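Enquirer: Dropping a structure here in structure tokens format, bear with me for questions.
Residue numbers (the working numbering): 19 to 156.
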């Protein structure tokens, strides 16, 4: 027996409603409002793992972006943490170890967690970041 509101029926209804909104101009106004609110604040990114890709590619690139900023780091090496704090002006409260990673849930300065670890470690940290309520890149 098929549910009265199957995925297909739901999608049709949403698409139909979206079309009606677009025609009326409401969707455009709503979308513009949402974008403007988002652009008022740069999104904070925390890098998990400070190897080559984070050090030589991501961190420098984040310095050039308009809508996101390097807000935090997660590392197992205290010396790296100190170096990154000094180089990028990262506040101590935005520096985590792998053991304290879950505290990131309570940090409003971090919106996005970018997991830059070996593939075998991705699942654990992606799940933990999602459970913390953060957007996740990996």
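Every residue gets a Cβ at the ideal spot worked out from N, C-alpha and C, and that includes glycine. The model shown is predicted, which means the values in this text are computed figures rather than measured ones.
1) Between the C-alpha atoms of residue 60 and residue 130, what's the straight-line distance to the nearest angstrom?
2) Could you have a look at residue 143 and say whether DSSP puts it in helix, strand or coil?
3) Apart from the five residues on each side of it in sequence, which residues of its chain come closer than 7 Å, Cβ to Cβ, to residue 146?
4) Just the Cα atoms here: how many angstroms apart are residue 162 and residue 124?
5) Below 8 Å on the Cβ atoms is my contact criterion, and I expect residue 157 with residue 69 to pass it. Report the Cβ-Cβ distance as a whole number of Å.
6) What's the gap between the Cα of residue 110 and the Cα of residue 142?
7) What's the call for residue 134, buried or exposed, on a 16-neighbour Cβ count within 10 Å?
8) Give me, in chain order, the residues of the same chain whose beta-carbon lies closer than 8 Å to that of residue 19; leave out the 5 immediate sequence neighbours on both sides.
9) Residue 63 and residue 86: beta carbons closer than 8 Å?
10) Ordered along the chain, which non-local residues of its own chain (more than five positions away) have a Cβ less than 7 Å from that of residue 116?
11) Here's the rule: buried if 16 or more other CB atoms are within 10 angstroms of the residue's CB, otherwise exposed. What is residue 77?
Expert: Let me lay it out:
1) Between the alpha carbons of residue 60 and residue 130 lies a gap of roughly 11 Å.
2) The three-state reading of DSSP puts residue 143 in helix, counting H, G and I together.
3) Apart from the 5 residues on each side of it in sequence, residue 146 sits with its Cβ closer than 7 Å to the Cβ of 119, 120 in its chain, given in chain order.
4) Residue 162 is absent from the model: the chain starts at 19 and stops at 156.
5) This structure leaves residue 157 out entirely; the chain is present only between 19 and 156.
6) Per the coordinates, the alpha-carbon of residue 110 lies some 24 Å from the alpha-carbon of residue 142.
7) Label assigned to residue 134: buried.
8) Here the model assigns residue 19 a pLDDT of 48, short of 50, so the residue's position is not dependable, and the following value carries that caveat. Counting only Cβ-Cβ distances below 8 Å, and skipping sequence neighbours, we find nothing.
9) Closer than 8 Å, so yes.
10) Annotation for residue 116: 92, 94 place their beta carbon closer than 7 Å to its own, counting only its chain and skipping 5 residues before and after.
11) Buried, since its Cβ has 16 or more Cβ neighbours within 10 Å.
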